[in-house]
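Quick note on numbering: the numbering used here labels position 3 of the sequence shown as 24, and the sequence is numbered without any gaps. Heads up, the beta-carbon is just placed ideally off N, CA and C, and yes, glycines get one too. Remember, it's a predicted structure, so these values are computed and weren't measured experimentally. Comments concern the structure below.
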Amino acid sequence: MTEDTTGKVVGATAAGTQRFADRFAPEPGQYRDVLDLHWSSVGIGTYLGDADDKTDEQVTAAVCKAVAGGINVIDTAANYRRGRGEVSVGKAIRAILAAGDATRDELIVCTKAGYLPTPADVFKETYLGRDGIGDSDLVGGNHCIHPSYIRDRIGKSLDALGCSRIDVFYLHNPEAQLAHVDRGEFDKRLAAAFEVLEQEVAAGRIGCYGLATWRAFRASPGQQGYISIAGAKALAKRAAGSKPDHLKCVQMPLSITMPEAIERPTQWIGDASVSPVAAARVLGLAAVASGSIGQGKVPKINESLTKWLGEDLADDCRRALQFTRSASGLTSALVGMKQPAHVDANLEVQQRTPLPRTVFELMFRKTQV
């Protein structure tokens, strides 16, 4: 599933990601073996920044530096910086491969679609009336998960990234639909999107798919925007028919100031209510954190937490990242970085041993920010 018809490797593999991890002489927990891939416990995000040439260059350089230092999880989206995020990541991947800092099978490349990278009028001119896309498929003037749109976005993302395959393709904040359609219609739309994503996996253009959310998994059942991870998995299984489904990843905010993903039991697995990250683990999904240091807006961490997280770390941003990546059951903690000094700081955390599970859970129970 990671080779094209010529036998050329086009996506992340177990052997490739293991090779990458071994090259950086990891301490226990620096890389996580999830979905038969070895994920760096810190991933690079590419959300913030102006849509200009200077930021393009910064993002490309940061991705190159991060990979050269041991990070192999790269996260972007179609709408980041009006589409320039994916292009900047694509330039970085080409530079990384050319320099020999990594091979394609060592990198876990992730992107998303749902939010428009262009103004609504461009979307309407391009897509309305095409393959059944109607006015009602665009919600809030900026969000669409119609199957034909998702299929087209995958092609555009592949072109922007310069890749033959996207390892993880997320539906981006699907809960945005729930502000405009009822739950029954939402489930139909999500199921239809899953059907086309299963087809894209079969075609070899994506390795698996997931849901990248903001509020959906942290909200309580019954609240607007809530999504059940188990319910989504059931829809994916129906979309896959007699074959195994490929809904493999969930992404949600998790940070020292926003711990609901590990603290709040919003998800039901059978008769048990558990946290979103715990639900993902039970269902065999990779759980990826976004906003791992709250976009750099970290409050002063108190003395007690500092002792747990690392008095030797230079600042609270590093400690906040150590908190998130140490969360029990988490696969990778995404953090945006453009400045070389920030890449170095985050690599320092990536190269540390995370807190053992028992220590993290004891710290979490006994201390507050």
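With distances taken Cα to Cα, identify the nearest neighbour of T76 among R102, E281, G90. The residue labelled residue 76 in the question sits at position 55 within the sequence shown. Cα-wise, what sits closest to T76 is R102.
Practice item. Report the rounded CA-to-CA distance for I117 versus V370, giving the unit in angstroms. Key: On the sequence shown, residue 117 is found 96 positions in, with the first residue counted as 1. On the sequence shown, residue 370 is found 349 positions in, with the first residue counted as 1. Looking at the two C-alpha atoms, the distance is approximately 22 Å.
Host alpha helix (DSSP H) of Y170 (start-end): Position 149 of the sequence shown holds residue 170. Per DSSP, Y170 belongs to the alpha helix (DSSP H) from 168-182.
Item to check | H201 burial status per 10 Å Cβ neighbour count (16 or more: buried) | outcome: Here residue 201 corresponds to residue number 180 of the sequence shown, with the count starting at 1. It counts as exposed.
Mapping the DSSP letters down to three states, classify L159 as helix, strand or coil. Translated into positions along the sequence shown, residue 159 becomes position 138. In the structure shown, L159 sits in coil (DSSP, three-state: anything other than H, G, I, E or B).
| Would DSSP call I117 helix, strand or coil? | Numbered from 1 along the sequence shown, position 96 holds the residue referred to as residue 117. Helix at I117.
Give me, in chain order, the residues of the same chain whose beta-carbon lies closer than 7 Å to that of K258; leave out the 5 immediate sequence neighbours on both sides. Position 237 of the sequence shown holds residue 258. If we look at K258 and ignore the five residues flanking it on each side, its Cβ neighbours are D266.
*Do you know how far the Cα of G150 is from the Cα of D73?*
Looking up residue 73 in the sequence shown gives position 52. Looking up residue 150 in the sequence shown gives position 129. The C-alpha of G150 is placed about 32 Å away from the C-alpha of D73.
Leaving aside the five residues before and after F144 along the sequence, list all residues of the same chain whose C-beta is less than 8 Å from its C-beta, in chain order.
Residue numbering aside, residue 144 sits at position 123 when the sequence shown is read from its first letter. Cβ within range, chain order: L137, L159, C165.
For T67, which three-state DSSP category applies? Reading the sequence shown from its first residue, position 46 is the one you call residue 67. Under the three-state reduction of DSSP, T67 is assigned to coil, being neither helix nor strand.
With three or more beta-carbon pairs closer than 8 Å as the criterion, would you say the stretch 334-348 touches the stretch 286-293? They do not touch, by the three-pair rule.
### Query
Any idea if D142 is buried or exposed, counting beta-carbon neighbours within 10 angstroms, 16 or more meaning buried?
In the sequence shown, counting from the first residue as 1, residue 142 sits at position 121. Flag for D142 reads exposed.
inquiry  = For I283, report the span of its alpha helix (DSSP H) as first-last.
reply    = As a first step, residue 283 must be located in the sequence shown, where it is residue number 262. First-last of the alpha helix (DSSP H) with I283: 281-284.
Quick one: is R204 buried, meaning 16 or more other Cβ sit within 10 Å of its Cβ, or exposed? As a position in the sequence shown, residue 204 is number 183, starting the count at 1. It counts as exposed.
Given S50 as reference, the closest of L56, D57, R40, V63 once Cα atoms are compared
For the purposes of this step, residue 50 is identified with residue 29 of the sequence shown, where counting begins at 1. Here the sequence assigns Gly to residue 50, which means Ser is not the residue at that position. The option with the nearest alpha carbon to G50 is V63.
Suppose you measure from the CA of A307 to the CA of D54; what does that come to, to the nearest Å?
Here residue 307 refers to the residue found at position 286 when the sequence shown is read from its first residue. Here residue 54 refers to the residue found at position 33 when the sequence shown is read from its first residue. Take the alpha-carbon of A307 and the one of D54: they are about 10 Å apart.
As a quick exercise: from Q360, E324, S313, D336, pick the residue whose alpha carbon is nearest that of A354. Locating residue 354 in the sequence shown gives position 333, counting from the first residue. Of Q360, E324, S313, D336, the smallest CA-CA separation from A354 is found for S313.
task = Measure how close the beta-carbons of I283 and V298 come, nearest whole angstrom, since I'm counting them as under 8 Å.
result = As a position in the sequence shown, residue 283 is number 262, starting the count at 1. As a position in the sequence shown, residue 298 is number 277, starting the count at 1. At roughly 5 Å, the Cβ-Cβ gap stays under 8 Å, so I283 and V298 are in contact.
ask   = Apart from the five residues on each side of it in sequence, which residues of its chain come closer than 6 Å, Cβ to Cβ, to G153?
value = To locate residue 153, count along the sequence shown from 1; it is residue 132. Counting only Cβ-Cβ distances below 6 Å, and skipping sequence neighbours, we find nothing.
For this session: Measure the C-alpha to C-alpha separation of D208 and I227 and round it to an integer number of angstroms.
Result: Translated into the one-based positions of the sequence shown, residue 208 becomes position 187. Translated into the one-based positions of the sequence shown, residue 227 becomes position 206. Here the alpha carbon of D208 sits roughly 22 Å from the alpha carbon of I227.
- Item | Distance between V110 and G357 (C-alpha atoms, nearest Å) | Along the sequence shown, one-based indexing puts residue 357 at 336. Along the sequence shown, one-based indexing puts residue 110 at 89. Their Cα atoms are separated by approximately 13 Å.
**Prompt:** Going by DSSP, which residues form a beta bridge with I290?
**Reply:** For the purposes of this step, residue 290 is identified with residue 269 of the sequence shown, where counting begins at 1. A293, per the DSSP bridge assignment.
* To do: Using the Cα positions of C270 and E206, report the straight-line distance between them to the nearest angstrom.
  => The residue labelled residue 270 in the question sits at position 249 within the sequence shown. The residue labelled residue 206 in the question sits at position 185 within the sequence shown. A direct Cα-to-Cα measurement between C270 and E206 gives close to 23 Å.
Exercise. Check each candidate in D365, M384, K359, R346 and name the one with the smallest Cα separation from Y52.
Key: Within the sequence shown, the letter at position 31 stands for residue 52. Cα-wise, what sits closest to Y52 is R346.
Exercise for the section: Pick helix, strand or coil for D208, following the three-state DSSP scheme. Expected result: Indexing the sequence shown from 1 puts residue 208 at position 187. DSSP places D208 in helix when its eight states are reduced to three.
How is H59 classed by DSSP in three states: helix, strand or coil?
Looking up residue 59 in the sequence shown gives position 38. In the structure shown, H59 sits in a strand (DSSP, three-state: E or B).
In whole angstroms, what is the alpha-carbon distance linking A35 and V94? Within the sequence shown, the letter at position 14 stands for residue 35. Within the sequence shown, the letter at position 73 stands for residue 94. Between the alpha carbons of A35 and V94 lies a distance of about 14 Å.
For this session: Ignoring anything shorter than 4 residues or poking outside the stretch 74-100, list the alpha helix (DSSP H) runs there in chain order.
Result: Segments of the alpha helix (DSSP H) lying fully in the stretch 74-100: 74-90.
Q. Just reading off the alpha helix (DSSP H) that S325 is part of, what are its end residues?
A. Position 304 of the sequence shown, counted from the first residue, corresponds to residue 325. From DSSP, the alpha helix (DSSP H) with S325 extends over 324-330.
- Message: For a test of the three-state rule: what should DSSP assign to G50, helix, strand or coil?
- Response: Here residue 50 refers to the residue found at position 29 when the sequence shown is read from its first residue. In this structure, DSSP gives G50 a state outside helix and strand, which the three-state scheme calls coil.
*With DSSP collapsed to three states, give me the class of V356.*
Start at 1 with the first residue of the sequence shown, and residue 356 comes out as number 335. In the three-state DSSP reduction, V356 falls in the strand class (E or B).
If distances are taken between C-alpha atoms only, which option among Y170, T139, G155 comes closest to N163?
For the purposes of this step, residue 163 is taken as the residue at position 142 of the sequence shown. Of Y170, T139, G155, the residue nearest in Cα terms is T139.
Return helix, strand or coil for R373, following the three-state DSSP convention. For this step, residue 373 is matched to residue 352 along the sequence shown. Coil, per DSSP.
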